[in-house]
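Please read the structure below before turning to the comments.
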Amino acid sequence: MRIGAIILAAGEGKRLNGRIKALIQIGSVTFLDKAISLLDSPEICERIVVLGYKADEVKRALTFSNVSIAINDFWKNGMTSSLKVGTSNLSKNLDGFMIMPVDLPLLKKETLIKTLETFQKDSSKIVRPRYRKIPGHPVIFPIEFVEKIIELDDNLEPNTILKRSIDRVKYFDTDQSCVKDLDTEVELDLIL
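In short: position in the sequence shown from 1, add 3, done, that's the working numbering.
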């Protein structure tokens with residue numbers, strides 16, 4: 004099984020007073036480095052980090068060399084534009100691709116492994132963890148969804164693809180780390 008992983012790290016973090024989400028630290032590790040290290044798995048054969056807001060600053064702080072950087076010059080258009088940049092940079096010889104926002108620093112390795120295992124059992128499905136019926140991340144798509152994402156209008160929400168393909172989504176239940184994205188100073192204060 005060959006999976007590509009896309010880490011979405013292009014946003015501005017407006018609700019964080021302009022702080023760069025990718026560079027926020029938990030202990031001595033940035034959100035971005037934590038996300039990249041979580042993706043250290045034999046099934047994940049490529050890692051693409053999509054940057055936008057203050058991309059040069061994030062690149063300079065990056066401690067991993069085993070990732071590709073894709074720049075979203077239109078990051079102000081929202082997450083869909085970053086998804087399109089990430090998917091357009093994937094290799095063609097993959098079975099699927101994983102989408103992971105950078106702002107999930109509490110995500111557990113077990114959740115990532117379970118996501119991969121569930122996809123391996125049926126690679127025709129979109130695999131998504133959830134906690135108490137709340138959909139979470141990471142999400143793995145069959146490779147055929149690359150074109151569907153690239154064709155999306157930037158004005159549409161990223162979940163549009165999931166809504167259009169609801170019969171293809173396979174959920175599994177897990178802990179709350181899959182839904183604990185950190186978007187505000189208050190949320191950050193609770194974990195730092």
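Where is the CB? At the ideal position from N, CA and C, for every residue including glycine. Note that the coordinates shown come from a computational prediction; the quantities given were computed from them, not determined experimentally.
DSSP places GLU60 inside the alpha helix (DSSP H), whose first and last residues are 58-64.
Here the alpha carbons of TYR56 and GLU15 stand approximately 5 Å from one another. Ranking LEU11, PHE67, PRO45 by CA distance to the CA of GLY81 puts LEU11 first.
In the three-state reduction of the DSSP assignment, LYS111 falls in the coil class.
With a cutoff of 8 Å on beta-carbon distance, ALA73 and ILE47 are scored as not near each other.
Contact between SER85 and VAL61 is absent: CB atoms are separated by about 13 Å, not below the 8 Å threshold. In the DSSP secondary-structure assignment, SER71 is bridged to ILE51. ILE10 has VAL52, MET103 as its beta-bridge partners, per DSSP.
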